[in-house]
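Reviewing the structure listed below.
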Amino acid sequence: MNAVRIVIFAKAPVPGRVKTRLIPALGAAGAARLAARMLDRALAQAIAADVGPVELYMSPAPDSPDWAGIPLPADIETSAQGEGDLGARMARAAQRAIACGEAVLLTGTDCPQLTAGRLGEAAARLVDHDAVMYPALDGGYTLLGLRAFDATLFANMPWSTHAVAQLTLERMAARGWRVWTGETLRDIDEPGDLACLPETLRPA
Numbered sequence: 018m019n020a021v022r023i024v025i026f027a028k029a030p031v032p033g034r035v036k037t038r039l040i041p042a043l044g045a046a047g048a049a050r051l052a053a054r055m056l057d058r059a060l061a062q063a064i065a066a067d068v069g070p071v072e073l074y075m076s077p078a079p080d081s082p083d084w085a086g087i088p089l090p091a092d093i094e095t096s097a098q099g100e101g102d103l104g105a106r107m108a109r110a111a112q113r114a115i116a117c118g119e120a121v122l123l124t125g126t127d128c129p130q131l132t133a134g135r136l137g138e139a140a141a142r143l144v145d146h147d148a149v150m151y152p153a154l155d156g157g158y159t160l161l162g163l164r165a166f167d168a169t170l171f172a173n174m175p176w177s178t179h180a181v182a183q184l185t186l187e188r189m190a191a192r193g194w195r196v197w198t199g200e201t202l203r204d205i206d207e208p209g210d211l212a213c214l215p216e217t218l219r220p221a
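When the letters of the sequence shown are read in order and numbered with the working numbering, they come out as residues 18 to 221.
Structural data, given as C-alpha cells:
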C-alpha cells in the first residue's frame with residue numbers, strides 16, 4: 018500500500034444532537050462544545066500522524082448549514098457519510114479507500130487516547146497485517162484498520178453493544194486474516210468517562 022488513509026467519522030457539533038449521553042452532566046451546549054474540541058483534537062492527531070490523507074466523513078453532509086462556522090484544517094478531505102446504519106457507512110468508506118489502493122484507518126472523535134503515535138503504530142502494523150484494531154473499554158473499538166475489504170465485518174453487527182470488538186475479531190479470524198490488536202482505550206461517552214478527560218479538553 019502506498020498510503021494509509023485516516024477516515025474520521027464525525028457529527029456536526031450541534032447542541033442537542035451530539036454527545037447526548039453527556040447532556041445530563043454538561044448540558045446540551047456544553048456537550049456540543051466538548052464534541053467540537055474532540056473533533057479538533059482528532060483531526061490534529063490524524064494530521065500529525067502523517068501516514069496519508071486525512072478525510073473527515075461528515076454527518077450531515079459538508080454543505081449542511083450545521084457545519085457553518087465550524088473551522089476545519091485546510092489540508093483535509095471532506096465527504097458525506099450518507100445513508101444507512103453505522104455498518105453500511107463504515108463499509109462504504111473502507112471499500113472506497115481500498116479500491117483506490119490505500120489501506121484505511123476508520124475512527125471517530127470520541128477517544129482522546131488515540132494519539133498521533135497510536136495512529137502511526139496502527140498504520141505501521143498494516144504493512145504486515147490484514148487488519149488492526151484498538152479495542153474500547155465498552156466492548157466496541159476505537160479504531161479499525163484494514164488493507165483488505167470484507168463486507169461481513171460490518172453487516173448484522175450489534176452496534177453500540179459490548180459484543181462489537183469480539184464479533185469483529187471472530188469474523189476476521191474465520192477468514193484467516195492476520196490481525197494486530199493494540200491497547201484497549203477509553204471513549205468519552207458517558208458522564209463517568211469525564212473524569213478521564215485530558216486537561217486540554219476540559220472547559221476553561
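Ideal Cβ placement from N, Cα and C applies to all residues, glycine included.
Relative to the C-alpha of Ala97, which candidate in Ala212, Gly104, Ala110 and Val21 has its C-alpha closest?
Ala110
Taking only runs of the beta strand (DSSP E) that begin and end inside the stretch 75-105, which ones reach a length of at least 3 residues, in chain order?
94-97
Hey, which unbroken runs of the alpha helix (DSSP H) at 4 residues or more fall wholly within the stretch 45-73?
none
To the nearest angstrom, report how far apart Glu207 and Arg38 are at their CA atoms.
6 Å
Thr124 and Ile25 closer than 7 Å at C-beta:
For the pair Thr124 and Ile25, the CB atoms are nearer than the 7 Å cut-off.
Grab the span of the beta strand (DSSP E) containing Thr178 for me, first residue to last.
For Thr178, there is no enclosing beta strand (DSSP E), since its DSSP letter is neither H nor E.
In whole angstroms, what is the alpha-carbon distance linking Ala66 and Lys28?
22 Å
Validate contact between the stretch 160-170 and the stretch 179-190 using beta carbons, cut 8 Å, 3 pairs
yes
Do Ala139 and Gly162 have their C-beta atoms closer together than 7 Å?
yes
Report the option in Ala153, Gly69 and Ala78 whose CA atom is closest to the CA atom of Cys117.
Gly69
Other residues of its chain near Ser76: CB distance less than 6 Å, five sequence neighbours each side excluded:
Lys28 and Gln98
Below 7 Å between beta carbons: does that hold for Val35 and Ala52?
yes
Could you tell me how far apart the beta carbons of Ala148 and Thr201 are, in whole angstroms, since I believe they sit closer than 8 Å?
Taking 8 Å as the upper bound for CB-CB distance, Ala148 and Thr201 are not in contact here, some 16 Å apart.
Counted within 10 angstroms of its Cβ, other Cβ atoms place Trp176 as buried (16 or more) or exposed
exposed
Quick check: what's the CA-CA separation for Asp127 versus Asp210?
11 Å
Measure the Cβ-Cβ separation of Gly101 and Ala172 and say whether it is below 7 Å.
no
In the structure shown, what three-state DSSP assignment does Thr217 receive?
Helix, per DSSP.
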